[in-house]
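Numbering (UniProt numbering), first residue to last: 1 to 368.
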Amino acid sequence: MTVKTLLFVARILVGGLFVFSGLIKVNDPVGTSIKMQEYFDVFATDISPIFEPLKSISLLVAVILVVLEVGLGIMVLTGWKIKTGVYLLLAMILFFTFLTFYSAYFDKVTDCGCFGDAIKLTPWESFYKDLVLLGLILFMAVFRKHLPEGSSTVGKWMTVGSLIISLLLAIVAIRNLPFIDFRAFKEGVNISRAMLPSENLEYRYVMRRDGETVTFDQYPSDESYEFVEMQLKNPEALPKISDFAIWNDEGDHTEEILSGKKVLLLSHQISKMDLSINHMEQISALINAFQGTDVRMVLVAASSEAEMEAFLSENGLKLGYYMADATVVKTIIRSNPGLVFLENGTVLGKYHFRNTPAPEAAKNLFSP
């Protein structure tokens, strides 16, 4: 192959992957910001406290990164200002490669979020993917003189257009909910069933004897073998949901929440709620509409019972309240607070607090 052919292939692979990755994360910039918070939290502890302030602007950082991914990918594909695009992509991939290597080597962040919740990669898979991209981008940088300059007008407007559209989509996703929900708690999922294995879990047993390692499908009866580890043979059968739990000081209430008709007012942190009077009135109207019906509405928050009691008292709301893990709440819904409608554990609907449904529309979600 000629250098020009290899450069063309590299441009398609790099540009296409960055556009694909960026668009998936534009779908859920809040999810990307949560992942960035995890990284900044680790770096602030392990590397330097200068990363601590970045946690408060993680959403802004996430939006900038995902919009740039799409724009730079388009620049490489169209050839407009391609050398500038390659240099910027090189800086970005060096940053990503550092993140994924640190995550993999030190086992700090178990999922890089490279493709949001759509495609899950292990830390080492993410790192190897970034190494391949780094190699391709370095190849383009070394042979930059052979890179073709695309049509300045077409490439310019495609790049500018992609930046504007990506930014607008990101803002809409932030102010509402992701356009496509790739998470385990999406509408239609029965949480109770998703908490169970899809089939019987099968294991293999790694044993050692006389310095030799042997694997068995059944645990050996020969006591001369020393147990090393147990490996899952069918990891695809693991429960899709493993950390959903609802409780209060009286005990666990998970089963209770997953039975009957429920509306959960979810918050990952009550002190960070940003509700206007109008939004609170809409939620209050929903609570009043379900009074005296077979639908029970409750507050579930990753906050203390004292904080929940204060919130309910300040807003004149009469609701039962329970606690949950903050990470789980953030996974369920990208809104603080958000509304989730359940019937016998099945997710009927999810709403950002800005889109609280009218009482009649909310009632129609449940079976008669």
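All residues carry an ideal CB built from backbone N, CA and C; glycine is no exception.
In this text, all values refer to a predicted model and were calculated from it rather than measured experimentally.
Spatial distance of residue i from residue j (CA atoms)
| i | j | result |
| --- | --- | --- |
| E250 | L99 | 42 Å |
| K129 | V109 | 16 Å |
| D252 | T78 | 56 Å |
| V172 | S162 | 15 Å |
| E212 | A184 | 41 Å |
| N190 | F353 | 23 Å |
| I57 | S367 | 42 Å |
| E309 | Y322 | 10 Å |
| L201 | V70 | 40 Å |
| A285 | Y102 | 48 Å |
| L23 | A289 | 39 Å |
| S276 | N315 | 11 Å |
| S242 | R175 | 28 Å |
| F143 | V132 | 17 Å |
| E256 | S33 | 32 Å |
| P359 | K35 | 35 Å |
| L238 | L167 | 37 Å |
| K120 | S126 | 9 Å |
| N278 | N355 | 11 Å |
| K330 | V30 | 9 Å |
| residue 371 | V9 | Absent from the model: residue 371. The displayed extent of the chain is 1 to 368, so no value can be given. |
| H146 | T122 | 35 Å |
| L6 | L13 | 11 Å |
| S335 | D107 | 29 Å |
| S224 | D210 | 9 Å |
| I164 | N364 | 37 Å |
| Q218 | G292 | 56 Å |
| A361 | S21 | 35 Å |
| D46 | W124 | 20 Å |
| R11 | Q37 | 31 Å |
| Y105 | V295 | 48 Å |
Whole-Å CB distance - residue i paired with residue j, under 8 Å assumed
| i | j | result |
| --- | --- | --- |
| Q269 | S303 | 6 Å |
| A301 | K240 | About 24 Å separates the two Cβ atoms, so there is no contact after all. |
| V19 | G73 | 4 Å |
| A170 | V66 | 6 Å |
| E226 | R208 | 5 Å |
| I180 | N344 | With 8 Å as the limit, I180 and N344 do not qualify as a contact, their Cβ atoms being about 25 Å apart. |
| residue 371 | E199 | Here the chain comprises residues numbered 1 to 368, so residue 371 is not present and cannot be evaluated. |
| E307 | S271 | 7 Å |
7 Å CB neighbourhood of residue i in its chain, flanking five on each side removed
| i | result |
| --- | --- |
| D41 | K55 |
| P337 | L265, L266, S267, M273 and F353 |
| L88 | L72 |
| P357 | Y351 |
| V160 | none |
| E149 | G79 and I82 |
| L232 | L201 and Y203 |
| I93 | D130, L133, L134 and I137 |
| F96 | D130 |
| residue 407 | The question about residue 407 has no answer, for the chain in this structure spans 1 to 368. |
| V228 | V206, M207, R208 and T213 |
Distance cut-off 7 Å: residue i Cβ against heavy atoms of the ligand SAM
| i | result |
| --- | --- |
| T215 | Among the components modelled here there is no ligand, and therefore nothing to report on the ligand SAM. |
DSSP state of residue i mapped onto helix, strand, coil
| i | result |
| --- | --- |
| L275 | coil |
| Y105 | helix |
| D252 | strand |
| I119 | strand |
| M1 | coil |
| S267 | strand |
| V189 | coil |
| Q282 | helix |
| M195 | coil |
| T153 | helix |
| K233 | coil |
| L167 | helix |
| T159 | helix |
| E223 | coil |
| E360 | helix |
| R175 | helix |
| V145 | One detail in the question is off: residue 145 reads as Lys in this sequence, not Val. Reduced to three states, the DSSP call for K145 is helix. |
| F353 | helix |
Close beta carbons around residue i, own chain, < 8 Å, minus the five adjacent residues each side
| i | result |
| --- | --- |
| I287 | M297, L317, K318 and L319 |
| M230 | Y203, R204, Y205 and V206 |
| L138 | L90 |
| G188 | T346 and V347 |
| P197 | A237, L238 and P239 |
Cβ neighbours of residue i in the same chain (closer than 6 Å, five flanking residues each side left out)
| i | result |
| --- | --- |
| T215 | R204 and V206 |
| A44 | F51 and E52 |
| V86 | M140 and A141 |
| L59 | S33 |
| L342 | K262 |
| G15 | G73, V76 and L77 |
| D222 | none |
Could you give the uninterrupted runs of the beta strand (DSSP E) lying entirely in the region 295-333, keeping only those of 3 residues or more? The region 295-333 contains these whole beta strand (DSSP E) runs: 295-301 and 320-323.
Beta strand (DSSP E) runs contained entirely in the UniProt domain "Methylamine utilisation protein MauE" (4-141), provided each spans 3 or more residues: Counting only runs of 3 or more residues that sit fully inside the UniProt domain "Methylamine utilisation protein MauE" (4-141), no beta strand (DSSP E) segment turns up.
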